[in-house]
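Peer 1:
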Amino acid sequence: MKIVMLGAPGAGKGTQAKMIASKYHIPHISTGDIFRANIKEGTELGNKAKGYMDQGLLVPDELVVDLVVDRLTWDDAKEGYVLDGFPRTIPQAEALTKALAEKNEVLDHAINIEIPDQNIIERMGGRRACVACGATYHIVNIPPQIEGKCDKCGAELILRDDDKPETVRKRLEVYHDQTQPLIDYYGNEGVLKEVDGTVDMADVFAAICNILDA
Ligand code: ADP
Ligand code: AMP
Numbered sequence: 017m018k019i020v021m022l023g024a025p026g027a028g029k030g031t032q033a034k035m036i037a038s039k040y041h042i043p044h045i046s047t048g049d050i051f052r053a054n055i056k057e058g059t060e061l062g063n064k065a066k067g068y069m070d071q072g073l074l075v076p077d078e079l080v081v082d083l084v085v086d087r088l089t090w091d092d093a094k095e096g097y098v099l100d101g102f103p104r105t106i107p108q109a110e111a112l113t114k115a116l117a118e119k120n121e122v123l124d125h126a127i128n129i130e131i132p133d134q135n136i137i138e139r140m141g142g143r144r145a146c147v148a149c150g151a152t153y154h155i156v157n158i159p160p161q162i163e164g165k166c167d168k169c170g171a172e173l174i175l176r177d178d179d180k181p182e183t184v185r186k187r188l189e190v191y192h193d194q195t196q197p198l199i200d201y202y203g204n205e206g207v208l209k210e211v212d213g214t215v216d217m218a219d220v221f222a223a224i225c226n227i228l229d230a
């Protein structure tokens with residue numbers, strides 16, 4: 017099963033993608049996580065990506081596309097995957113369609129998690145991410161058992177630099193401009209599915225499972 021998650025930053029793509037990956041035994045491939053890991057390791061890619069990410073801008077397509085196309089050839093992705101944060105531009109979507117076509121494959125679902133902009137700023141301000149394993153929480157909606165500590169590995173939880181309100185506003189602008197057009201792109205491909213992202217995360221997941229199990 018090959019799935020793309022669509023939705024504004026903070027819509028819940030990562031939260032849902034992790035649950036999908038675990039239930040359907042497919043890898044969760046998050047370009048944001050890949051960039052953050054590269055930044056942490058101080059790689060050349062990480063250094064290049066950081067400047068864009070800190071400003072709330074997209075990393076240029078040429079730094080993203082080959083990385084993802086290569087990742088999809090790994091053994092663990094043979095039976096499918098859930099892509100989170102990719103594609104984010106029309107050229108990225110076209111590159112994915114082409115890479116799949118070359119292998120006689122197609123995307124099964126592009127799941128768009130719908131949530132109004134007003135909800136986003138509140139969600140992002142409350143998001144906390146684990147410095148070690150990348151698990152995400154929300155200080156009000158999905159709190160960890162011990163404040164400031166990851167339930168899964170016990171490491172420290174932090175507010176991502178790009179989740180500060182001024183950067184979130186920029187990311188939303190970039191989303192509407194460059195990423196939202198993908199909703200029409202996948203609508204035209206006949207694989208678009210929409211879910212309401214404003215409800216409880218278990219209810220969002222139930223709606224997604226209904227789509228995947230249909
Ligand atoms: P994205 O990957 O789309 O940027 P996340 O999955 O990281 O978004 O979710 C953004 C924030 O909102 C996180 O703090 C997360 O814990 C919280 N969150 C995710 N889904 C829900 C939901 N259905 N209701 C309330 N908060 C949610
Ligand atoms: P995310 O964790 O998905 O919210 O991504 C965090 C940041 O990483 C984004 O704001 C972008 O700067 C960068 N990024 C992640 N995925 C992509 C992508 N597919 N194309 C361009 N930039 C990306």
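In the working numbering, the protein residues as written are 17 to 230.
Ideal placement from N, C-alpha and C gives every residue a C-beta, glycine not left out.
I believe Ile45 touches Met17 by the beta-carbon criterion, under 8 Å. Please report the beta-carbon distance rounded to the nearest angstrom.
Peer 2: Reading the sequence shown from its first residue, position 29 is the one you call residue 45. Reading the sequence shown from its first residue, position 1 is the one you call residue 17. About 13 Å; that fails the 8 Å criterion.
Peer 1: Quick one, which of Gly72, His154 and Ile174 has its alpha-carbon nearest Asn135's?
Peer 2: Indexing the sequence shown from 1 puts residue 135 at position 119. When only C-alpha atoms are compared, the closest one is His154.
Peer 1: Under three-state DSSP, which class holds Ala151?
Peer 2: Taking the sequence shown and counting its residues from 1, one reaches residue 151 at position 135. In the structure shown, Ala151 sits in coil (DSSP, three-state: anything other than H, G, I, E or B).
Peer 1: Start and end of the alpha helix (DSSP H) containing Glu138?
Peer 2: The sequence position of residue 138 within the sequence shown is 122, counting from 1. Per DSSP, Glu138 belongs to the alpha helix (DSSP H) from Asp133 to Gly142.
Peer 1: Between Pro160 and the rest of its own chain, which residues show a CB-CB distance below 6 Å, the 5 nearest in sequence each way excluded?
Peer 2: Translated into the one-based positions of the sequence shown, residue 160 becomes position 144. Cβ neighbours of Pro160 beyond the five flanking positions: Tyr153 and Asp167.
Peer 1: Determine the direct distance from the alpha carbon of Leu83 to that of Asp177, and round the result to whole angstroms.
Peer 2: Walking along the sequence shown from the start, residue 177 turns up at place 161. Walking along the sequence shown from the start, residue 83 turns up at place 67. One C-alpha to the other measures close to 23 Å.
Peer 1: Do you know how far the Cα of Lys165 is from the Cα of Glu189?
Peer 2: As a position in the sequence shown, residue 189 is number 173, starting the count at 1. As a position in the sequence shown, residue 165 is number 149, starting the count at 1. Straight-line Cα distance between these residues: approximately 32 Å.
Peer 1: Could you check whether the stretch 92–106 touches the stretch 29–37, counting it as contact only if at least three pairs of C-beta atoms, one from each stretch, sit closer than 8 Å?
Peer 2: Flag = yes, the stretch 92–106 and the stretch 29–37 touch.
Peer 1: Should Leu123 be listed as close to the ligand AMP, given that the test is whether its C-beta is under 7 Å from any heavy atom?
Peer 2: Here residue 123 refers to the residue found at position 107 when the sequence shown is read from its first residue. Leu123: no, Cβ never under 7 Å from the ligand AMP.
Peer 1: Starting from Ala126, trace the alpha helix (DSSP H) both ways and give me its first and last residue.
Peer 2: In the sequence shown, counting from the first residue as 1, residue 126 sits at position 110. Here Ala126 belongs to no alpha helix (DSSP H); instead the beta strand (DSSP E) covers His125 to Glu130.
Peer 1: For Thr183, collect the residues of the same chain with a Cβ closer than 8 Å to its Cβ; drop the 5 residues on either side in sequence, then sort them by chain order.
Peer 2: As a first step, residue 183 is located in the sequence shown; it is residue number 167 there, counting from the start. These residues qualify, in order along the chain: Asp70, Gln71, Gly72 and Asp177.
Peer 1: Where does Leu208 sit, in a helix, a strand or coil, going by DSSP?
Peer 2: Position 192 of the sequence shown holds residue 208. Leu208: strand per DSSP, three-state reduction.
Peer 1: Specify, as a first and last residue, the run of the alpha helix (DSSP H) that Met21 falls within.
Peer 2: By one-based count along the sequence shown, residue 21 stands at place 5. Segment Lys18 to Leu22 is the beta strand (DSSP E) holding Met21; no alpha helix (DSSP H) there.
Peer 1: Out of curiosity, what's the CA-to-CA distance linking Glu110 and Lys186?
Peer 2: Your numbering for residue 110 matches position 94 in the sequence shown. Your numbering for residue 186 matches position 170 in the sequence shown. Distance between the alpha carbons of Glu110 and Lys186: 25 Å.
Peer 1: With distances taken Cα to Cα, identify the nearest neighbour of Ala148 among Met140, Ile127, Ile174 and Ala223.
Peer 2: As a position in the sequence shown, residue 148 is number 132, starting the count at 1. Out of Met140, Ile127, Ile174 and Ala223, Ile174 has the C-alpha closest to the C-alpha of Ala148.
Peer 1: At the level of alpha carbons, what is the spacing between Gly2 and Ile131?
Peer 2: Outside the shown range of the chain, which is 17 to 230, sits residue 2, and nothing can be said about it.
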